[in-house]
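>
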Amino acid sequence: MSDGAKLRDQGFAIITGPFNDADLDNAIEAYQRAVGTGQPHEVRAGSTSTRVTGLLDRAPELAAIFTHPPLLAAAAALIGGPFKLSAFHSRSVHPGAPAQAMHQDVAPRSDGWPLLGFIFMVDAFTIENGATRFLPASAGLTELTFGEAEANLEHACGPAGALLLFDGSIWHGHGANRTSAWRRSVQGALIPRAATAAIDHRHAVRPEVWAALPRQARTLMKA
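Numbering-wise (this note's numbering), the sequence shown opens with residue 136 and increments by one.
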């Protein structure tokens, strides 16, 4: 089954990411710099993971993630019209964190739907470190029973540098991180241009950073 067919029929797919081997090392260094210098208001520590916003202001090279041509092609197919960037942040699952409750990022026909979610794997995603779990072809469900979810979940495992794409209405959640290491990623979403974005990206970066970004990135970041 092709990546496009799997995304359409199952609700998620793992594709090759935007960085080659040498560029991937540089991208991870940029990620570390951006996350490590996050301001207190940009850091949100939850019960199982920590998120940091403001990445593009400190690591603009990460814009290659959401301008990756296969990602844009998938967004065009799912959304079916003009789209833009909504969320874009780091997310690190805590060592020893329990599995996250299954959820949808957006309910069908609500503001922000259809939504294409994407997760850039800074670290390899494995069953042991809490790879995202999906209930395939579940976008049309309004609720889940515990038994139904547990019996049919699939783990989205892949190497560092891979890119996970998913329909934001598919039921999903990260697995338990049974290791002693953080499981790192960059997450984001593309939504219809008329919908409400999670962040005003245009004003979240300094003017000189904005001017240096590729034209395609600036177009997607505009509200």
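Glycine residues also receive a C-beta, built at the ideal position from the N, C-alpha and C atoms.
Quantities reported herein were computed from a predicted structural model and do not represent experimental measurements.
When DSSP labels each residue in this structure, what does A222 get in the three-state scheme?
Start at 1 with the first residue of the sequence shown, and residue 222 comes out as number 87. Of the three classes helix, strand and coil, the one that applies to A222 here is strand, per DSSP.
> Whole alpha helix (DSSP H) runs in the stretch 227–273 with 4 or more residues, listed along the chain?
Whole alpha helix (DSSP H) segments, 4+ residues: zero.
> Taking the straight line between their C-alpha atoms, what separation do you get for A140 and A209?
Within the sequence shown, residue 140 is the residue found at index 5, counting from 1. Within the sequence shown, residue 209 is the residue found at index 74, counting from 1. Near 10 Å, if we compare the C-alpha coordinates of A209 and A140.
> Is N312 helix, strand or coil by DSSP?
Numbered from 1 along the sequence shown, position 177 holds the residue referred to as residue 312. Strand, per DSSP.
> Buried or exposed for G173, going by 16 or more other Cβ atoms inside 10 Å?
In the sequence shown, counting from the first residue as 1, residue 173 sits at position 38. Buried, since its Cβ has 16 or more Cβ neighbours within 10 Å.
> Examine the Cβ distances between the stretch 297–310 and the stretch 332–342 and report whether three or more of them are shorter than 8 Å.
At 8 Å Cβ cutoff, the stretches do not touch.
> Evaluate G216 with the Cβ neighbour count: other Cβ atoms within 10 Å of its Cβ, from every protein chain shown; 16 or more gives buried, anything less gives exposed.
By one-based count along the sequence shown, residue 216 stands at place 81. With fewer than 16 other Cβ atoms within 10 Å, it is exposed.
> Do you know offhand how far A347's Cα is from D192's?
Taking the sequence shown and counting its residues from 1, one reaches residue 347 at position 212. Taking the sequence shown and counting its residues from 1, one reaches residue 192 at position 57. Rounded to the nearest angstrom, the two C-alpha atoms are 11 Å apart.
> Taking the DSSP output, what are the residues bridged to T185?
On the sequence shown, position 50 is the one that residue 185 refers to. Paired residue(s): A180, S227.
> If contacts are defined as beta-carbon pairs under 8 Å, then I305 and F269 qualify, I think. What distance do you get, rounded to the angstrom?
Start at 1 with the first residue of the sequence shown, and residue 305 comes out as number 170. Start at 1 with the first residue of the sequence shown, and residue 269 comes out as number 134. Confirmed, about 6 Å.
> Measure the alpha-carbon distance for L279 versus V344 and round it to whole angstroms.
Counted from its first residue, the sequence shown places residue 279 at position 144. Counted from its first residue, the sequence shown places residue 344 at position 209. Cα-Cα distance, rounded: 43 Å.
> Return the CA-CA distance between Q239 and E164, expressed in angstroms with no decimal places.
The residue given as residue 239 occupies position 104 in the sequence shown. The residue given as residue 164 occupies position 29 in the sequence shown. The alpha-carbon atoms of Q239 and E164 are separated by roughly 31 Å.
> Among L276, H224, W248, R318, whose alpha-carbon lies nearest the alpha-carbon of P195?
What you label residue 195 is simply residue 60 of the sequence shown in a count that begins at 1. Minimum Cα distance to P195 is reached at H224.
> What does the alpha-carbon distance come out to for the pair R313 and P233?
As a working note, residue 313 is residue 178 in the sequence shown. As a working note, residue 233 is residue 98 in the sequence shown. Whole-angstrom Cα-Cα distance: 8 Å.
> If we require 4 or more residues per run, which alpha helix (DSSP H) segments fall completely within the stretch 319–354?
Runs found: 342–347.
> Based on the DSSP output, what are the partners of D302 in its beta bridges?
Counted from its first residue, the sequence shown places residue 302 at position 167. BP columns for D302 point to L251.
> If you check the beta carbons only, do A169 and L190 fall under 8 Å apart?
For this step, residue 169 is matched to residue 34 along the sequence shown. For this step, residue 190 is matched to residue 55 along the sequence shown. Result yes, Cβ atoms of A169 and L190 sit closer than 8 Å.
> Quick one, are the C-beta atoms of I200 and G293 less than 8 Å apart?
Along the sequence shown, one-based indexing puts residue 200 at 65. Along the sequence shown, one-based indexing puts residue 293 at 158. No, the Cβ-Cβ distance between I200 and G293 is not below 8 Å.
> In three-state terms, what does DSSP make of F147?
For the purposes of this step, residue 147 is identified with residue 12 of the sequence shown, where counting begins at 1. F147 falls in the strand class under three-state DSSP.
> Output needed for W93: all residues of its chain with C-beta closer than 6 Å, excluding positions within five of it in sequence on either side, in chain order.
As shown, the chain starts at 136 and ends at 358. That puts residue 93 outside it, with no answer to give.
> Report the rounded CA-to-CA distance for S182 versus H309, giving the unit in angstroms.
Reading the sequence shown from its first residue, position 47 is the one you call residue 182. Reading the sequence shown from its first residue, position 174 is the one you call residue 309. Cα-Cα distance, rounded: 13 Å.
> Beta-carbon separation of S87 and A329 under 8 Å?
In the structure as shown, the chain starts at 136 and stops at 358, and residue 87 therefore has no counterpart that could be examined.
> Please state whether the Cβ-Cβ distance between I254 and Q322 is less than 8 Å.
In the sequence shown, residue 254 corresponds to position 119, counting from 1. In the sequence shown, residue 322 corresponds to position 187, counting from 1. Closer than 8 Å, so yes.
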